[in-house]
Amino acid sequence: MNVQDRDKKPWLTPLEQIAHLKSKGVRFDLISETDACSYLAENNNYFRIRSYRTNFEKVTEGARKGQYANLDFKMLVDLSIVDMLLRNELLPMSLDIEHFSKVRLLRAIETRNEDGYDIVADFLNSQDRQNRDGSVSNTTKREIERGRRSAYTANLLNKYPEHDYPAWVFMEVVAFGTFLSFYKFSSERFRSKTLRDEFYLLQSVKSIRNACAHNNCILNNMTNGTSMFNAQPAVTQALGDIGVSLSQRRSKMRIDIFQQIATTFFMHQKLSSSGIKEHRTESLLKFEKRMNKHSDYYKDNYQVTSGFSFISQLIHGWYDCKADDEAYAQQESADSGDWQSGER
Numbered sequence: 001m002n003v004q005d006r007d008k009k010p011w012l013t014p015l016e017q018i019a020h021l022k023s024k025g026v027r028f029d030l031i032s033e034t035d036a037c038s039y040l041a042e043n044n045n046y047f048r049i050r051s052y053r054t055n056f057e058k059v060t061e062g063a064r065k066g067q068y069a070n071l072d073f074k075m076l077v078d079l080s081i082v083d084m085l086l087r088n089e090l091l092p093m094s095l096d097i098e099h100f101s102k103v104r105l106l107r108a109i110e111t112r113n114e115d116g117y118d119i120v121a122d123f124l125n126s127q128d129r130q131n132r133d134g135s136v137s138n139t140t141k142r143e144i145e146r147g148r149r150s151a152y153t154a155n156l157l158n159k160y161p162e163h164d165y166p167a168w169v170f171m172e173v174v175a176f177g178t179f180l181s182f183y184k185f186s187s188e189r190f191r192s193k194t195l196r197d198e199f200y201l202l203q204s205v206k207s208i209r210n211a212c213a214h215n216n217c218i219l220n221n222m223t224n225g226t227s228m229f230n231a232q233p234a235v236t237q238a239l240g241d242i243g244v245s246l247s248q249r250r251s252k253m254r255i256d257i258f259q260q261i262a263t264t265f266f267m268h269q270k271l272s273s274s275g276i277k278e279h280r281t282e283s284l285l286k287f288e289k290r291m292n293k294h295s296d297y298y299k300d301n302y303q304v305t306s307g308f309s310f311i312s313q314l315i316h317g318w319y320d321c322k323a324d325d326e327a328y329a330q331q332e333s334a335d336s337g338d339w340q341s342g343e344r
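Under UniProt numbering, the sequence shown has 326 at position 326, and the numbering climbs by one with no breaks.
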C-alpha cells in the first residue's frame, strides 16, 4: 500500500469513529455517545464492531439514501456479545466432536481387525510428494516432527523415532485437518460410505472450529447468500425432523455460517455421549436466553430474527431443554451476574 492509499482510510480516534458512524445513519439512542466512545476505546475495536452492520438494511431513496434505516450502536454491541458467546459454545462442541470422531474411527479400525500400525504407515506413505528436483517431501511427517518440540507431544512422539506410530498415538499428535485426511483415507480403505459421509460433515465442523479458535466474527453476515458447498442431505433431513420448515432450510443452508453451525450441532448430537450432551444443554440454554435478551432491538430485522430463531430451533430440536424449575431459577440468577459480565 502506498502513501496515497493510506491517506484514503486514515486511523480514526473513537470520537471520529462515532462521527463516521453517525454520517452513515447509525443512531445513539440506546447508548450514549460517551459510553460508546468508552466502549470503542476500551472494549472492542472499530473494525470488528462495525462488521455487524451488514445485517442491517440501508435506505434506498430520499435524503437518507445510503444510510442505515434502523441501526443503533447498541445493536452492534449486542450482536458482538452474542457472537462471542456463540463462539464460546461452538468451540467446545467442536472439540467434543473431534474427540468422539477419533473414538469412532478407532472403533472402525478395531472392528475390521486392521493393524493400527500398518494403516498409519500406509497413510503416511500416501502423503509422499515428489518435488521437481526428484526429492520426496511429506508435509504430514514434517508436521509431526514439529510436534517433537512441543511440551505437549514431545514425550509421546519421542517413543516412536521412525514414524512407526499406532493409530491411537497418531490421532493425538496431528492437527484436526490431518486427522480428517486420515479419516477420508480410512473410509476409502474400508470402502465405508458412512465414514466417507462423516468426513465431509467433519469438514464443516473444522471450518467453524477454526473460526472460533481464531476469534473470527461469525454473525457479521447473516444475510442471504450462496454457500461454497451444498448442504449434506443427512443434515437437511435431520433439520426437517426437528421441525425446521422447508423454506427456512432452503434459506439458511445457503448461508455458509448457518450451514456450518447446523452441521456442528448435528454431528455433536450424533457422536457425543449422553453425559456430554446433557452438559452442553445447560450451557446452550443459558446462551439462548442471553441471545434473545434484546430481541426487541431486531423486531423489524428479518435477517437477525430469523437467524436467532434458527439457532434456537437447533438447540431445542437436538438437545433436551426440559429443565426443571430449579435449573431455570439458577439460570435466572446467573443471567443477572455472569452473563452481564460478558457485556464488554
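Even glycine gets a Cβ: it sits at the ideal position worked out from N, Cα and C.
What residues are listed by DSSP as bridge partners for Tyr52?
-> Here residue 52 refers to the residue found at position 52 of the sequence shown. Its beta-bridge partners do not exist; DSSP assigns none.
Contacting residues, own chain, Cβ-Cβ under 6 Å from Trp339 (five flanking each side not counted) | For the purposes of this step, residue 339 is taken as the residue at position 339 of the sequence shown. Low per-residue confidence applies at Trp339: pLDDT is 41, beneath 50, and the placement is therefore not dependable, though the value from the model is reported in the following sentence. Counting only Cβ-Cβ distances below 6 Å, and skipping sequence neighbours, we find Arg290.
Pairwise C-alpha distance: Ser192 and Tyr183 | Within the sequence shown, numbered from 1, the residue matching residue 183 stands at position 183. Within the sequence shown, numbered from 1, the residue matching residue 192 stands at position 192. About 11 Å.
Euclidean distance between Cα positions of Ala19 and Met222 | What you label residue 19 is simply residue 19 of the sequence shown in a count that begins at 1. What you label residue 222 is simply residue 222 of the sequence shown in a count that begins at 1. The alpha-carbon atoms of Ala19 and Met222 are separated by roughly 26 Å.
Measuring CB to CB, does Leu201 end up less than 8 Å from Thr153?
-> Position 201 of the sequence shown holds residue 201. Position 153 of the sequence shown holds residue 153. For Leu201 and Thr153, no; Cβs fall outside 8 Å.
Rounded separation between Leu40 and Glu16 - CA only | Here residue 40 refers to the residue found at position 40 of the sequence shown. Here residue 16 refers to the residue found at position 16 of the sequence shown. Going by the C-alpha atoms only, they are around 11 Å apart.
Going by C-alpha distance, which of Leu21, Ile255, Leu12 is nearest Gly307?
-> Here residue 307 refers to the residue found at position 307 when the sequence shown is read from its first residue. Minimum Cα distance to Gly307 is reached at Ile255.
Classification of Met267 by the beta-carbon crowding that lies within 10 angstroms, buried from 16 upward | By one-based count along the sequence shown, residue 267 stands at place 267. Met267 should be labelled buried.
Could you tell me if Gln237 is buried or exposed, where buried requires 16 or more neighbouring beta carbons within 10 angstroms of its beta carbon?
-> The count along the sequence shown starts at 1 and reaches residue 237 at position 237. So Gln237 counts as exposed.
Backbone CA spacing between Thr60 and Gly66 [nearest angstrom] | Here residue 60 is taken as the residue at index 60 of the sequence shown, counted from 1. Here residue 66 is taken as the residue at index 66 of the sequence shown, counted from 1. Going by the C-alpha atoms only, they are around 6 Å apart.
Exposed or buried, what is Met75 when buried is set at 16 or more other beta-carbons lying within 10 Å of its beta-carbon?
-> In the sequence shown, the residue the question calls residue 75 occupies position 75. That one is buried.
Alpha-carbon spacing of Arg64 relative to Asn45, whole angstroms | Locating residue 64 in the sequence shown gives position 64, where the first residue counts as 1. Locating residue 45 in the sequence shown gives position 45, where the first residue counts as 1. Taking the straight line joining both Cα atoms gives about 27 Å.
From Ala211, Ser135, Glu278, Phe123, residue whose alpha carbon lies closest to that of Met171 = On the sequence shown, position 171 is the one that residue 171 refers to. Closest option to Met171, Cα to Cα, is Phe123.
With distances taken Cα to Cα, identify the nearest neighbour of Asp115 among Ser187, Phe56, His279, Pro166.
-> By one-based count along the sequence shown, residue 115 stands at place 115. Among Ser187, Phe56, His279, Pro166, the Cα nearest to that of Asp115 is on Pro166.
Count the other CB atoms, across all protein chains shown, that sit within 10 Å of the CB of Asn301; report buried if there are 16 or more and exposed otherwise.
-> Working through the sequence shown from its first residue, we reach residue 301 at position 301. Per the 10 Å Cβ criterion, buried.
Going by DSSP, which residues form a beta bridge with Asp72?
-> Here the question's residue 72 lines up with position 72 in the sequence shown. Paired residues: Arg27.
Ends of the alpha helix (DSSP H) at residue 380?
-> The requested residue 380 does not occur in the structure, where the chain is confined to residues 1 to 344.
Does the distance from the C-beta atom of Glu288 to that of Ile315 stay below 8 Å?
-> As a first step, residue 288 is located in the sequence shown; it is residue number 288 there, counting from the start. As a first step, residue 315 is located in the sequence shown; it is residue number 315 there, counting from the start. Their beta carbons are under 8 Å apart, which means Glu288 touches Ile315 by this criterion.
Given Gly177 as reference, the closest of Glu278, Leu12, Lys159, Ser101 once Cα atoms are compared | Translated into the one-based positions of the sequence shown, residue 177 becomes position 177. When only C-alpha atoms are compared, the closest one is Ser101.
Check Val77 in the structure and name its three-state DSSP category.
-> Here residue 77 corresponds to residue number 77 of the sequence shown, with the count starting at 1. Helix.
State the start and end residues of the unbroken alpha helix (DSSP H) segment that holds Asn210.
-> Position 210 of the sequence shown, counted from the start, is the residue given in the question as residue 210. Taken as a continuous stretch (DSSP letters only), the alpha helix (DSSP H) holding Asn210 covers 193–213.
Helix, strand or coil: which one does DSSP assign to Val59?
-> The sequence position of residue 59 within the sequence shown is 59, counting from 1. Here Val59 sits in coil by DSSP.
Please report how far the alpha carbon of Leu271 lies from the alpha carbon of Ile242, in whole angstroms.
-> Position 271 of the sequence shown, counted from the start, is the residue given in the question as residue 271. Position 242 of the sequence shown, counted from the start, is the residue given in the question as residue 242. Cα to Cα, Leu271 sits roughly 17 Å from Ile242.
Taking Glu57 as the reference, which of Leu86, Ser312, Tyr298 has the closest Cα?
-> Numbered from 1 along the sequence shown, position 57 holds the residue referred to as residue 57. Here the closest residue by C-alpha is Tyr298.
Nearest-angstrom beta carbon gap, Asn220 and Tyr52 [assumed within contact, 8 Å] = What you label residue 52 is simply residue 52 of the sequence shown in a count that begins at 1. What you label residue 220 is simply residue 220 of the sequence shown in a count that begins at 1. At roughly 5 Å, the Cβ-Cβ gap stays under 8 Å, so Tyr52 and Asn220 are in contact.
Would you kindly report the start and end of the unbroken alpha helix (DSSP H) that includes Asn155?
-> For this step, residue 155 is matched to residue 155 along the sequence shown. First-last of the alpha helix (DSSP H) with Asn155: 154–157.
Measure the Cβ-Cβ separation of Gln260 and Ser181 and say whether it is below 8 Å.
-> Counting from 1 along the sequence shown, the entry for residue 260 is found at position 260. Counting from 1 along the sequence shown, the entry for residue 181 is found at position 181. Not closer than 8 Å, so no.
Comparing alpha-carbon positions, which option in Cys37, Thr13, Phe73 lies nearest Phe28?
-> On the sequence shown, position 28 is the one that residue 28 refers to. Nearest option by C-alpha distance: Phe73.
Expressed to the nearest angstrom, what Euclidean distance is found between the alpha-carbon atoms of residue 427 and Ile144?
-> Any property of residue 427 remains undetermined from this structure, which presents the chain solely from 1 to 344.
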